[in-house]
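**Student:** Going left to right, the sequence shown walks through residues 1 to 343 as full-length UniProt numbering numbers them.
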Amino acid sequence: MARLILRALEATGPAEVASSLRVYDGAGDAAVQTHLRAAAGAECERLLSLYATEPERRPSLWLSYHVYYKAPDLIGPHIARTLGIPYVVVEATRARKRLTGPWAGFAAAAETAIEAAALVLCVSARDRQAVEAYGPPGQRVAMLPPFLDLPPAPEARKPTTPPRLLTVAMMRPGDKLASYRLLAESLGLLAARPWTLDIVGDGPAAAEVSALFTPFGPRVRLLGACAPAELAAHYRAADLLVWPGLNEAFGMVYLEAQAQGLPVLAIDNAGTGTVIRDGIGGRLTGPAPEEFAAALAALLADPPALRALGRGARAHVEAHHALTAAADRLRGLLTGLPLGRMP
1 MARLILRALE ATGPAEVASS LRVYDGAGDA AVQTHLRAAA GAECERLLSL YATEPERRPS
61 LWLSYHVYYK APDLIGPHIA RTLGIPYVVV EATRARKRLT GPWAGFAAAA ETAIEAAALV
121 LCVSARDRQA VEAYGPPGQR VAMLPPFLDL PPAPEARKPT TPPRLLTVAM MRPGDKLASY
181 RLLAESLGLL AARPWTLDIV GDGPAAAEVS ALFTPFGPRV RLLGACAPAE LAAHYRAADL
241 LVWPGLNEAF GMVYLEAQAQ GLPVLAIDNA GTGTVIRDGI GGRLTGPAPE EFAAALAALL
301 ADPPALRALG RGARAHVEAH HALTAAADRL RGLLTGLPLG RMP
């Protein structure tokens with residue numbers, strides 16, 4: 001997503017990556033956080049020196065991507081304040097419960113950075129609610145729907161016999177494994193119906209996922225991780241993407257599938273609803289296996305409706321989630337920004 005944001009920015013005017021320093025502590029380690037603070041301080045000094053000696057490289061706006069308690073922005077607010085330029089955050093996650101515990105210092109830094117922004121762009125309704133609830137008076141908050149670089153328009157899709165289902169997801173404990181479990185339970189309710197399932201993905205919970213789908217025998221193929229070109233071929237060959245997406249922030253896989261003209265089936269929540277229009281490019285269901293299975297059965301029983309959803313999926317992504325649409329939205333949102341809060 002970060003690379004796509006840079007490309008969208010480049011479409012609005014000159015843009016460059018100012019710093020490649022990765023400020024991230026995944027374990028809540030105080031020593032790591034101290035080291036990263038020092039590194040960020042040195043990076044600030046380097047950048048300010050650069051801008052002083054090469055004023056043509058001095059930015060007119062600073063934008064940081066994905067600020068949260070494990071990865072606070074320790075550079076952007078200081079640079080923006082010192083240079084007197086607007087500071088913008090894309091994908092800010094506020095987690096005030098982390099203000100105590102091993103990430104307390106980093107969480108506080110993330111909160112400070114988010115509050116300093118003249119504009120916060122949210123990619124999910126859930127994040128927007130939190131940003132608006134705790135943000136300072138007058139802070140601008142807007143949506144930047146997730147987007148991608150559209151592939152060429154797909155050829156007309158021909159239904160397969162039996163219908164070919166596709167799942168694309170990492171295999172890790174937590175919500176991902178819970179989604180795999182729900183999918184397996186749902187398919188178990190449809191064992192008498194014709195279908196096959198290809199699963200693309202890998203990760204630390206691969207053994208658990210394999211065990212969930214072993215009872216289905218050769219109807220389910222676990223393909224492991226795939227290169228982008230191979231994944232695109234799987235999207236084009238399938239009839240329906242099935243992925244519950246429990247607690248997904250939004251799920252790029254849904255956009256990738258729809259961009260290839262592949263309809264999607266997911267659980268209805270704040271994240272999936274950001275990228276899927278129910279009845280347009282797919283279906284959104286309740287969280288119970290029985291509900292997911294019923295929606296899947298209805299789609300499998302109506303191939304013409306499934307193909308219509310595929311056409312709607314591509315049209316939806318073209319209109320609302322294409323790189324060009326994101327660039328146009330960024331251009332409008334970034335024009336005439338105030339300085340925002342400069343703590």
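Beta carbons: idealized from backbone N, C-alpha and C, even for Gly. These figures come from a predicted structure and were not determined experimentally.
Is Gly41 closer than 9 angstroms to Gly101 when the C-beta atoms are compared?
**Tutor:** Not in contact: Gly101 and Gly41 (Cβ atoms no closer than 9 angstroms).
**Student:** Exposed or buried, what is Val242 when buried is set at 16 or more other beta-carbons lying within 10 Å of its beta-carbon?
**Tutor:** buried
**Student:** So, using beta-carbon positions, are Phe250 and Ile267 closer together than 9 angstroms?
**Tutor:** No. Outside cutoff.
**Student:** What residues are listed by DSSP as bridge partners for residue 346?
**Tutor:** Outside the modelled stretch of the chain, which goes from 1 to 343, sits residue 346, for which no answer is possible.
**Student:** Would you call the stretch 64–79 in contact with the stretch 104–114, where contact means no fewer than 3 C-beta pairs closer than 8 angstroms?
**Tutor:** yes
**Student:** Do you know how far the Cα of Leu50 is from the Cα of Ala327?
**Tutor:** Distance between Ala327 and Leu50, taken at the CA atoms: about 28 angstroms.
**Student:** Count Cβ pairs between the stretch 320–334 and the stretch 129–145 that sit closer than 8 angstroms; are there 3 or more?
**Tutor:** yes
**Student:** Could you check whether the stretch 166–184 touches the stretch 196–207, counting it as contact only if at least three pairs of C-beta atoms, one from each stretch, sit closer than 8 angstroms?
**Tutor:** yes
**Student:** Exposed or buried, Ala288, counting other C-beta atoms within 10 Å across all chains shown (16 or more means buried)?
**Tutor:** exposed
**Student:** Once the 5 residues before and after His320 are set aside, which same chain residues still bring their CB inside 7 angstroms of it?
**Tutor:** Pro145
**Student:** Let me check understanding here. Comparing Cα to Cα, which of Gly336, Leu334, Gly312, Thr324 lies closest to Ala11?
**Tutor:** Thr324
**Student:** Tell me whether Met143 sits in a helix, a strand or coil according to DSSP, three-state version.
**Tutor:** strand
**Student:** With 16 as the cutoff for other CB atoms within 10 Å, does Tyr87 come out buried or exposed?
**Tutor:** buried
**Student:** Rounded to the nearest angstrom, what separates Gly13 and Arg57 at their Cα positions?
**Tutor:** Computed Cα separation, rounded: 14 angstroms.
**Student:** Would you call Val90 buried or exposed, if buried means 16 or more other Cβ atoms sit within 10 Å of its Cβ?
**Tutor:** Per the 10 Å Cβ criterion, buried.
**Student:** Nearest to Leu21 by alpha carbon, out of Ile75, Gln139, Arg81, His316?
**Tutor:** Ile75
**Student:** Taking DSSP as the reference, what is the three-state secondary structure of Val17?
**Tutor:** coil
**Student:** From Met342 to Leu255, what distance separates their C-alpha atoms?
**Tutor:** Any reading at Met342 is ruled out, since the residue's pLDDT is 43, under 50, leaving its predicted position unreliable.
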